[in-house]
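The opening residue of the sequence shown carries number 40 in my numbering; numbering runs sequentially from there.
Backbone N, C-alpha and C define an ideal beta-carbon position, used for all residues, glycine too.
Accompanying notes for the structure given below.
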Amino acid sequence: MALLFICEGEDPRAWETPLRTEIPDLDIRVWPDGVGNPDEIDVVLTWKPPRGLLATFPNLKAILSLAAGIEHILRDPELPSGVPIARLIDPGLKTGMVEFVVMEVLRHHRREPEYRSQQLSGDWKLLRQKLSRDRRIGILGLGHLGGACGEILCRFGFPVSGWSRSSKNLAGITSYSGEDGLFAMLEQTDILICLLPLTPDTEDILDATTLGALPRGAMIINAARGKHVVDDDLIAALNSGQISGATLDVFREEPLPSHHPFWSHPDIILYPHAAAWTLPESAASVIADNIIRAVKAEPLFGQIDVRRGY
Ligand code: NDP
Ligand code: OXD
40 MALLFICEGE DPRAWETPLR TEIPDLDIRV WPDGVGNPDE IDVVLTWKPP RGLLATFPNL
100 KAILSLAAGI EHILRDPELP SGVPIARLID PGLKTGMVEF VVMEVLRHHR REPEYRSQQL
160 SGDWKLLRQK LSRDRRIGIL GLGHLGGACG EILCRFGFPV SGWSRSSKNL AGITSYSGED
220 GLFAMLEQTD ILICLLPLTP DTEDILDATT LGALPRGAMI INAARGKHVV DDDLIAALNS
280 GQISGATLDV FREEPLPSHH PFWSHPDIIL YPHAAAWTLP ESAASVIADN IIRAVKAEPL
340 FGQIDVRRGY
């Protein structure tokens with residue numbers, strides 16, 4: 040069986056040993072130079088494939104995303120129809136995201152940015168601390184990653200709510216859904232975490248209206264996709280004090296252009312899309328399992344619903 044790796048910027052050699060440990064006779068090919076006969080490609084493993092490329096493999100049995108998100112695949116207008124697509128559900132990615140979200144929630148909760156700026160100005164001043172039970176967390180997206188983050192944050196004593204398309208029954212987490220549910224959650228959220236997939240329904244969700252529905256001085260953490268945030272609305276909300284701090288891991292354009300105002304905004308902490316990485320040592324077994332499923336024409340693990348967009 041032949042797997043084609045389409046991922047500019049990622050070293051395919053890092054995947055060879057872990058994948059061959061799972062499937063010793065796997066024929067691993069690398070786009071663009073090592074494709075060989077396109078008819079022989081069974082499965083594609085990809086991050087941001089060039090538009091039109093996937094349609095050139097007539098016998099494709101599955102498209103596997105190297106990431107949890109799949110909008111980079113669905114944006115292709117020539118996406119071959121009927122080929123199953125799977126997002127990545129990987130324990131390493133989940134651990135990475137939980138670590139990142141906990142780190143940033145605690146940073147905002149314990150007023151770390153204010154202490155850092157006091158350090159710069161040589162200020163020795165204690166800042167009033169809140170109990171975790173008095174800091175309400177709201178999570179947009181209670182799926183694989185949002186649910187895992189919510190579960191751990193509950194253990195710190197934070198009251199945790201989450202918003203998803205379908206309502207959830209997760210221990211300790213108050214579940215909201217629908218537009219009314221969104222606003223009901225926002226008005227009682229001090230730290231808002233975005234872990235939604237990017238779809239036409241969720242694009243621009245963090246705009247002047249939703250940011251304005253949060254209590255004054257709330258904080259946001261966006262670890263999902265840059266297009267969830269309307270950049271100008273966030274800057275305006277930060278400048279007016281409606282939002283007191285933001286952690287941003289993802290951006291409309293990546294790398295974030297050097298002239299973008301986010302770089303120098305004093306209330307923004309930014310990361311270069313580093314919240315959670317796909318590591319071969321963790322993800323290869325999940326991917327190998329999906330390659331075998333694809334070849335046997337079994338449903339994929341993490342198979343997405345193309346019409347729903349995630
Ligand atoms: P899942 O598909 O498991 O979860 C998505 C959640 O969003 C579900 O709870 C779903 O609701 C909810 N949702 C989707 N659309 C809507 C909507 N219109 N209204 C309300 N809720 C909605 O995804 P993951 O948790 O695995 O990943 C989430 C995202 O995190 C990825 O798509 C990716 O963009 C981002 N990500 C970012 C990384 C980074 O390094 N910055 C790393 C990994 C992921 P329901 O449960 O009802 O279906
Ligand atoms: C992902 C990502 O979606 O890395 O996995 O952003």
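Could you name the residues of the same chain whose beta carbon sits closer than 7 angstroms to that of residue i, not counting the 5 residues immediately before and after it, in chain order?
i: R204; result: S216
i: Q157; result: K164
i: P294; result: P311
i: A106; result: W86, L127 and T317
i: A223; result: Y215
By the 10 Å Cβ neighbour count, where 16 or more other Cβ atoms means buried, how is residue i classified, buried or exposed?
i: T95; result: exposed
i: G189; result: buried
i: K142; result: Inspection of the sequence shows that residue 142 is occupied by Met rather than by Lys. M142 should be labelled exposed.
i: P300; result: exposed
i: L159; result: exposed
i: G121; result: exposed
i: W302; result: exposed
i: N261; result: buried
i: H147; result: buried
i: A315; result: buried
i: T85; result: buried
i: S104; result: buried
i: H298; result: exposed
i: P51; result: buried
i: G182; result: buried
i: G180; result: buried
i: L237; result: buried
i: L184; result: buried
i: T241; result: buried
i: A257; result: buried
i: A336; result: exposed
i: A313; result: exposed
Looking only at DSSP bridge pairs, what is residue i linked to?
i: D50; result: Paired residues: none, contrary to the question.
i: L42; result: I67 and V82
i: L231; result: G177 and I259
i: I102; result: V83 and I124
i: Y215; result: W202
Thinking residue i and residue j are a contact (beta carbons under 8 angstroms), I'd like their distance in whole angstroms, please.
i: I80; j: L99; result: 6 angstroms
i: V83; j: I102; result: 5 angstroms
i: G211; j: I178; result: Actually they do not touch by this definition, with Cβ atoms about 12 angstroms apart.
i: R20; j: D229; result: The question about residue 20 has no answer here: the residues shown for the chain are numbered 40 through 349.
i: D115; j: P71; result: No, D115 and P71 are not in contact; Cβ-Cβ is about 16 angstroms, not under 8 angstroms.
i: L234; j: L253; result: With 8 angstroms as the limit, L234 and L253 do not qualify as a contact, their Cβ atoms being about 17 angstroms apart.
i: L225; j: T249; result: 6 angstroms
i: S131; j: A322; result: The amino acid occupying residue 131 in the given sequence is Gly; Ser does not appear at that position. The Cβ separation is near 6 angstroms, so the contact holds.
i: G154; j: L145; result: Note that residue 154 corresponds to Tyr in the displayed sequence, not to Gly. Not a contact, Cβ separation roughly 12 angstroms.
i: D64; j: A41; result: About 11 angstroms separates the two Cβ atoms, so there is no contact after all.
i: E367; j: R90; result: Absent from the structure is residue 367, since the part of the chain shown begins at 40 and ends at 349.
i: L113; j: V334; result: Incorrect: roughly 23 angstroms between the Cβ atoms, too far for contact.
Quick one: what's got a C-beta closer than 8 angstroms to residue i's C-beta in the same chain, skipping five residues either side?
i: A187; result: K133, M136 and V137
i: F340; result: A125, I128, V325, D328, N329 and R332
i: G251; result: A276 and Q281
i: V74; result: L43, R68 and I80
i: L209; result: L181, G186, G189, E190 and G201
i: R149; result: Q168
Apart from the five residues just before and just after residue i, which ones in its own chain have a Cβ nearer than 6 angstroms to its Cβ?
i: A285; result: I259 and I307
i: G265; result: V289, F290 and R291
i: V269; result: D243 and D246
i: F197; result: S171, R174 and I176
i: A53; result: P319
i: P123; result: A101, L339 and Q342
Taking only runs that begin and end inside the region 234 to 319, name each unbroken beta strand (DSSP E) of 3 or more residues, in chain order.
Fully enclosed beta strand (DSSP E) runs of 3 or longer: 257 to 261, 282 to 287 and 307 to 309.
Please give me, in chain order, every unbroken run of the beta strand (DSSP E) with length at least 3 that falls completely inside the region 54 to 98.
If we require 3 residues or more, the beta strand (DSSP E) runs fully inside the region 54 to 98 come out as 66 to 69 and 82 to 85.
Identify every run of the beta strand (DSSP E) within the region 125 to 212, keeping only runs that are complete inside it and at least 3 residues long; order them along the chain.
List check, beta strand (DSSP E) in window: 176 to 179 and 199 to 202.
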